[in-house]
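J.:
In mature numbering (1 follows the signal peptide of the UniProt record, and there is no 0), the protein residues as written are -19 to -1, 1 to 83.
(1) What does the Cβ neighbour count give for residue 53, buried or exposed, with the cut at 16 atoms within 10 Å?
(2) Could you check what DSSP says for residue -14 in three-state terms: helix, strand or coil?
(3) Classify residue 14: buried if its beta carbon has 16 or more other beta carbons within 10 angstroms, exposed otherwise.
(4) Is the CB-CB distance between residue 57 and residue 19 below 8 Å?
(5) According to DSSP, is residue 35 part of a helix, a strand, or is it coil?
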């Protein structure tokens, strides 16, 4: 009887672990920057987003370029300049769109 209970307990534990592994495999895995570059981006930049530090992800500015995404160090002077340039361009487009309507 004792052996039967032990076998039943092991089967229950195995089923629980198997269920957890299956559920974990179904979760969506999102990409993030785990390291950054300090080099200037040479491809045309079409947008950007800010990534906060949440290990294993690091704090970064992710530039969206015509060739893909680039993880850049957020403290670089050129990064601040490029963000400012993109924001000014976005504001100009927004104002042009608003004033162009009759």
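Ideal placement from N, C-alpha and C gives every residue a C-beta, glycine not left out.
T.: Taking the coordinates as given:
(1) buried
(2) helix
(3) buried
(4) yes
(5) strand
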